[in-house]
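Worksheet: the structure to be examined is printed underneath.
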Amino acid sequence: MAIMSELQSYQMYINGEWSPAGSGKTFDSFNPATGNSWATIPAADENDVDRAVQAAHQAYTDGPWSRMSATDRGKLLRRLAEILETHSEQLGHAETVDTGKLFKETRWQARYISDFFHYYAGLADKVHGETLPIDKPNMWAMTIREPLGVVAAVVPWNSQLFLVAVKIGPALAAGNTVVLKASEHASAPMLEFARVFEEAGFPPGVINIVTGLGDSCGKALTSHPLVDRISFTGGPETARHIIRNSANNFAEVSLELGGKSPLIVFEDADIENAVNGVLLSIFSASGQSCVAASRLLLHESIHDAILKEIVARAAQIRIGDPLQEESQMGPLATLDQLKFIGNAVDNAVSNGAHLLYGGQSPAEFSSGWYYEPTIISCPNQDLDIVRNELFGPVVSVIRFSDETEAIRLANDTQFGLAAGVFTANIARALRVTKAVRAGIVWVNSYRMVSPLAPFGGYKDSGYGRESGLQAIYDYTRPKTVWLNTSSDPISDPFVMQ
Ligand code: NAD
5 MAIMSELQSY
15 QMYINGEWSP
25 AGSGKTFDSF
35 NPATGNSWAT
45 IPAADENDVD
55 RAVQAAHQAY
65 TDGPWSRMSA
75 TDRGKLLRRL
85 AEILETHSEQ
95 LGHAETVDTG
105 KLFKETRWQA
115 RYISDFFHYY
125 AGLADKVHGE
135 TLPIDKPNMW
145 AMTIREPLGV
155 VAAVVPWNSQ
165 LFLVAVKIGP
175 ALAAGNTVVL
185 KASEHASAPM
195 LEFARVFEEA
205 GFPPGVINIV
215 TGLGDSCGKA
225 LTSHPLVDRI
235 SFTGGPETAR
245 HIIRNSANNF
255 AEVSLELGGK
265 SPLIVFEDAD
275 IENAVNGVLL
285 SIFSASGQSC
295 VAASRLLLHE
305 SIHDAILKEI
315 VARAAQIRIG
325 DPLQEESQMG
335 PLATLDQLKF
345 IGNAVDNAVS
355 NGAHLLYGGQ
365 SPAEFSSGWY
375 YEPTIISCPN
385 QDLDIVRNEL
395 FGPVVSVIRF
405 SDETEAIRLA
415 NDTQFGLAAG
425 VFTANIARAL
435 RVTKAVRAGI
445 VWVNSYRMVS
455 PLAPFGGYKD
465 SGYGRESGLQ
475 AIYDYTRPKT
485 VWLNTSSDPI
495 SDPFVMQ
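Its first residue numbered 5, the sequence shown is counted upward by one per residue in this note's numbering.
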């Protein structure tokens, strides 16, 4: 009882009000740095979800939002962006405590997402229809760009703040309303975010945040008949459920899913840049990033030298409390993830992979879900560890002998989210970029994002793009209007001309 009373108690944000689940049920959220629960979160069921969707529908069809000009929507989003800049500590702190991601990164990200809202604020009144040079006499034809209606946004537990910006920014700028379902593993940052929306002065129902489990709350939301679009980020298996749920409402769907991204280092690459790129690509956020480069493809002539350097640098990474500025790698977000990754590494080693560094939880932590940066040399890409997304600080290293083989290995995966190419040869960089089947290719860099740059995958990494200009169009649809400009009556339809 004593411990329970110390837990922070959160409520959901529905129709501009803070509310518990109708059933009164809650679940605990855990701090991965300690392994202890730190907050209680409402467990929404289908009635709560219905309340949120009805509120969003009402705001879209009948509320002040439906009458607001695009310019005024932009002003409101800009106000949100400005307020956000002053809340980065509070938002970053909540995300760090809930997910174990380093505070210095979550705080920075909370500040940076303000740029996304500024970007979409600027676009709000620049999306419009067209007049068509129509091929019919006495007809004026045009399109009007309209918002879709209620958007269901479903997010995973990593990069919460970033995901809320790339989904909610364009959806609201285009005039939609939103019901966002937070991850059951990290609901607090989303509920903290709702406070910022409240402070910015969005009308009730425009943005609603519900919390709960996937197969109850998530299913009820994505199959709700009043939902017009689903923007999902998460794993491919959940995505299959989402697609099936959308058969219920014919909602448009966009999917940002997992990855098994390759990072290719050619023999002419700048070694220091490549080594930093590798460390950035897989050990940032403890590898819990959809774009983590978990397959490192090294040219045989530099293979040993690069590996030696990466192992030496991995050994220097300071694992620690994610709230501390000096920590360089925090814990994994869930205990299940810790077990899953430990088993995957052990299996790989029993099946012929060679462990070069890491492979266990660091001995100095008696609590918390920490795992060492781990480097594994793999004889080929057949092992499960090379094929499946792990979502942890584990990189599988594979050797190649020429450009053709590097491209073949890079594309030998069910995923296609991102890739890195390290080379000093610009022609090769462009050839490989073109040949790699991935939605994002970073050349001599990694993990750059921007509100201006589309983000999304190929193959099992999903479809649709977030960020960039196109994203706002994807939250609208054209309505075609035909206008008869003739002063003569329409000819008799039963008399052929
Ligand atoms: P997940 O798929 O388990 O859960 C994602 C969300 O879906 C959660 O909110 C969950 O409650 C909900 N959900 C679960 N079952 C559902 C159902 N039947 N109907 C509706 N909603 C349901 O993912 P996770 O483990 O939280 O996150 C990790 C995954 O997310 C990884 O695969 C990672 O690569 C991916 N991810 C992708 C991107 C990207 O932009 N491509 C970004 C971040 C994370």
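Glycine included, C-beta positions come from ideal geometry on N, C-alpha and C. Fair warning: this is a prediction, and the values are worked out from it, not measured in the lab.
- The region 207 to 221 and the region 92 to 103 do not touch, with fewer than three beta-carbon pairs separated by less than 8 angstroms.
- In the three-state scheme derived from DSSP, where H, G and I count as helix and E and B as strand, G334 is classed as coil.
- Note that the C-beta distance between Y479 and P174 is below 8 angstroms.
- When C-beta atoms of the region 122 to 132 are compared with those of the region 246 to 255, fewer than three pairs fall below 8 angstroms, so the two segments do not count as touching.
- The beta carbon of P240 sits closer than 7 angstroms to the beta carbons of L261, G262, D464 from its chain, once the five residues preceding and following it are set aside; these are given in chain order.
- For the 8 angstroms CB-CB criterion, V399 and I379 form a contact.
- Distances between the C-beta of D340 and the heavy atoms of the ligand NAD are all 7 angstroms or more.
- Per DSSP, the unbroken alpha helix (DSSP H) holding R111 starts and ends at 107 to 127.
- Annotated three-state conformation of M452 is coil, per DSSP.
- Runs of the alpha helix (DSSP H) lying entirely within the region 158 to 182, each at least 4 residues long, are 164 to 177 in chain order.
- In the assembly as shown, S13 is an exposed residue. Its beta-carbon has fewer than 16 other beta-carbons within 10 Å.
- Take the alpha-carbon of G324 and the one of G472: they are about 35 angstroms apart.
- In the same chain as K483, and ignoring 5 residues on each side of it, the C-beta atoms closer than 6 angstroms to its own belong to I148, E150, in chain order.
- Judged by DSSP secondary structure, M143 falls outside any alpha helix (DSSP H) and instead within the beta strand (DSSP E) spanning 143 to 151.
- Take the alpha-carbon of E329 and the one of D119: they are about 24 angstroms apart.
- With contact defined as three or more Cβ pairs closer than 8 angstroms, the region 186 to 203 and the region 155 to 167 are in contact.
- The shortest C-alpha to C-alpha distance from V445 to any of I430, V353, A423, L106 is the one to A423.
- Residue V269 holds the alpha-carbon nearest to the alpha-carbon of S305 among N277, V295, S331, V269.
- Under the three-state reduction of DSSP, A59 is assigned to helix.
- When DSSP states are grouped into helix, strand and coil, N35 belongs to the strand group.
- Distance from the CA of R435 to the CA of S371, rounded to the nearest whole angstrom, comes to 48 angstroms.
- Per DSSP, H358 is one residue of the beta strand (DSSP E) stretching across 358 to 361.
- Using a Cβ-Cβ distance cut-off of 8 angstroms, the region 310 to 322 and the region 354 to 362 are in contact, since at least three pairs of beta carbons, one from each stretch, lie closer than that value.
- In the DSSP annotation of this structure, the continuous segment of the alpha helix (DSSP H) that includes S354 starts and ends at 339 to 354.
- Residue pairing by DSSP places W22 opposite Y17 in a beta bridge.
- Here V257 is not near V154, since their CB atoms are 8 angstroms or more apart.
- Of the heavy atoms belonging to the ligand NAD, at least one sits nearer than 7 angstroms to the Cβ of F395.
- A contact between stretches requires three or more CB pairs, one per stretch, nearer than 8 angstroms, and the region 443 to 458 meets this requirement with the region 406 to 425.
- Non-local beta-carbon contacts of P141 in its own chain, meaning distances under 6 angstroms to residues more than five positions away in sequence, are absent.
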